[in-house]
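To start, the structure itself, in structure tokens.
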Amino acid sequence: MTEDTNKTTHFGFETVPEADKAGRVQGVFNSVASKYDIMNDVMSMGIHRIWKDAMMDWLAPRAGQKLLDVAGGTGDISFRFLKRAGSGHATVLDLTEPMLVEGRKRAEAEQMHDSLDWVVGDAMALPFADNTFDVYTISFGIRNVTRPQEALNEAFRVLRPGGRLMVLEFSQLPNAAMQKAYDLYSFNVIPQMGKMIAGDRDSYQYLVESIRNFPDQETFLGMVRAAGFENAKYRNMTMGVAALHSGWKI
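Listed below in structure tokens is the structure:
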């Protein structure tokens, strides 16, 4: 018991007790919820839309599939999935209720009302039965989870045999000079833009720091395999600014 209470994790570059991280992450996303889609444009220089379309291209949704979109926030991935599938169902799960509230306000949410559920929940303890979903996605969310390996283990549990995992996350550039240039942009420009756009420099500073603390592509691939996924692989997006990991529950 004592050991658990002494466990620490990263909140950006700060070391915090594990028990505190979820609440602090919620604070960040409560703060930026109304500006979340603009935030993604700032963080990725607008390219996140292309990455999400590439995610759907590789996923190739099929009619009738059931998606669980974890850290699904404002529904970006779920909307894309349902449009590509033609028919099916998407459950958007997020730890932060204001994010889901923003998602429900979007025009797509109204159009797809019958095919969508919005659930407040924790990626490390999903409120669903084993073998429930055909597809599990998490987009720019797993680096905010206190213990990402537990989130991957839960993904494996709730997927049906034959189910697919897809994780889109900011990652590391393989070239040191390019990474240095990207870091200069990230640490000097993004927090300032956060201050200008959302009136919130600190949340954007955390988001930049959280990217640099996240495991690189190969390390994260090992975590996907450790959760039980097979045929696991990844693709770099924009030279490694982001990476898309895929795995199957066989």
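This note's numbering puts the first residue of the sequence shown at 14, with every later residue one more than the last. Positions of the beta carbon are idealized from the N, C-alpha and C atoms, including for glycine. Note that the structure is predicted; figures quoted are calculated from it, not measured.
Would you kindly work out how many angstroms separate the C-alpha atoms of residue i and residue j, rounded to a whole number?
i	j	result
Pro161	Ala120	32 Å
Thr28	Asn157	14 Å
Ile210	Lys48	8 Å
Glu31	Met125	37 Å
Leu106	Thr251	27 Å
Gly134	Ser91	16 Å
Thr18	Asp33	Note that Thr18 scores a pLDDT of 49, beneath 50, so its modelled location is shaky and nothing firm can be said.
Ser57	Gln230	18 Å
Ala35	His61	24 Å
Arg173	Thr232	25 Å
Leu72	Gly175	13 Å
Phe227	Leu220	11 Å
Leu139	Ala240	15 Å
Pro187	Asp215	28 Å
Thr145	Gly101	14 Å
Asp54	Gly207	11 Å
Lys246	Met179	10 Å
Thr21	Tyr217	22 Å
His168	Ile155	Sequence check: residue 168 is Ala here, not His. Between Ala168 and Ile155, the C-alpha separation is close to 11 Å.
Where does residue i fall in DSSP's three states?
i	result
Thr15	Low local confidence applies: a pLDDT of 39 at Thr15 is under 50, so the model's placement there is unreliable, with the coordinate-based value given in what follows. Helix.
Ala194	helix
Ile63	helix
Ser184	coil
Asp215	helix
Ile12	The displayed coordinates of the chain run from 14 to 263. Any statement about residue 12 would go beyond what the structure contains.
Asp143	coil
Asp130	strand
Met252	helix
Asp135	strand
Ala240	coil
Pro174	strand
Lys48	helix
Thr232	helix
Lys20	coil
Leu206	Reading off the sequence, residue 206 comes out as Met, not Leu. Three-state result, Met206: helix.
Met125	coil
Lys246	strand
With 16 other CB atoms within 10 Å as the buried threshold, where does residue i fall?
i	result
Ile203	buried
Asn201	exposed
Ala194	exposed
Gly85	buried
Thr234	Note that residue 234 is Leu in the sequence shown here, rather than Thr. Flag for Leu234 reads buried.
Tyr198	exposed
Lys262	buried
Arg177	buried
Trp131	buried
Gly59	exposed
Ala98	buried
Ser223	buried
Arg93	buried
Glu123	exposed
Met191	exposed
Asp89	buried
Would you say residue i and residue j are within 8 Å of each other, going by their C-beta atoms?
i	j	result
Met236	Leu165	yes
Asp82	Ala103	yes
Leu181	Leu257	yes
Phe183	Phe141	no
Arg170	Asp143	yes
Gly253	Phe242	no
Gly137	Thr159	What sits at residue 137 in the sequence shown is Met, not Gly. Closer than 8 Å, so yes.
Met112	Thr87	yes
Trp64	Ala255	yes
Gln78	Asp147	yes
For chain D, find out if any of its Cβ atoms is closer than 8 Å to the Cβ of residue i; answer yes or no.
i	result
Asn157	The chain inventory of the structure shown lacks chain D, comprising one protein chain alone.
(request) Let me know the beta strand (DSSP E) ranges lying completely inside the segment 55 to 108, each 3 residues or longer, listed in chain order. (result) 78 to 83 and 101 to 107
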